[in-house]
Amino acid sequence: MNQNETSESSESIDNEEKSLIEVEQAQSNSEKKNTSSGLGENIAGLLCYIVGPITGIIFFILEKENRFIRFHALQSIITFVALSIFNYMLSAVPFVGWVFSSLLSLLTVALWVVLMIKAYQNETFKLPIIGDIAEQQVNK
290 MNQNETSESS ESIDNEEKSL IEVEQAQSNS EKKNTSSGLG ENIAGLLCYI
340 VGPITGIIFF ILEKENRFIR FHALQSIITF VALSIFNYML SAVPFVGWVF
390 SSLLSLLTVA LWVVLMIKAY QNETFKLPII GDIAEQQVNK
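Residue 315 in our numbering sits at position 26 of the sequence shown; the count goes up by one each step and never skips.
As structure tokens, then:
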């Protein structure tokens, strides 16, 4: 083999590798769901829960098309507003209410972590009743 044949052969291999890389990138881009925010679907779903109903409202307003993100945003809003109201009502009851309010706060933190993990794993994790309400609203 002469030097010209070797350089042509290596150039053709380089071109094939580049085209394979481009095809793989195009496939991975098409597999990612589009979001209005430009974030990955799982990241945006996680962020819906990060500051409770505040980020839920932000993502619900910003995201018009992606049902996954809209579902998690609505579930975040409904869940954490309801838990906040219930916790406030419990804390108004002396002694017993304070104990239950503290327990509810711990359970809220645990639920918050679980919901963020599930959203990051691209799961549409529906809470009983609240998840159904959120899903109905998103499907309208």
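Glycine included, each C-beta is placed from N, C-alpha and C at the ideal position. Note that the structure is a prediction, hence the values are computed from the model and not measured.
Neighbourhood of residue i by C-beta distance below 7 Å, restricted to the same chain and skipping five residues each side
i, result
"L351", "S325, S326"
"L400", "none"
"F360", "T413, A423, E424, V427"
Proximity winner among the options, relative to residue i (alpha-carbon distances)
i, options, result
"N355", "V385, N331, I366, V402", "N331"
"Q425", "G386, L363, V402", "L363"
"Q410", "T344, F357, P342", "F357"
"N376", "V402, V398, K407, S391", "S391"
Reduced DSSP category for residue i - H, G, I as helix; E, B as strand; rest coil
i, result
"T344", "helix"
"T368", "helix"
"I428", "Reading off the sequence, residue 428 comes out as Asn, not Ile. In this structure, N428 counts as coil in the three-state DSSP scheme."
"A381", "coil"
"L335", "helix"
"N376", "helix"
"K415", "coil"
8 Å contact criterion, which residue i and residue j should meet: CB distance rounded
i, j, result
"K415", "D421", "7 Å"
"I366", "G334", "At roughly 14 Å, the Cβ-Cβ gap does not stay under 8 Å, so I366 and G334 are not in contact."
Sequence-distant residues of the same chain with beta carbon closer than 8 Å to residue i, five excluded per side
i, result
"L328", "L336"
Pair every Cβ in the stretch 376-383 with every Cβ in the stretch 344-361, then say whether three or more of these pairs are closer than 8 Å. The answer is no - the stretch 344-361 does not touch the stretch 376-383, with fewer than three Cβ pairs under 8 Å.
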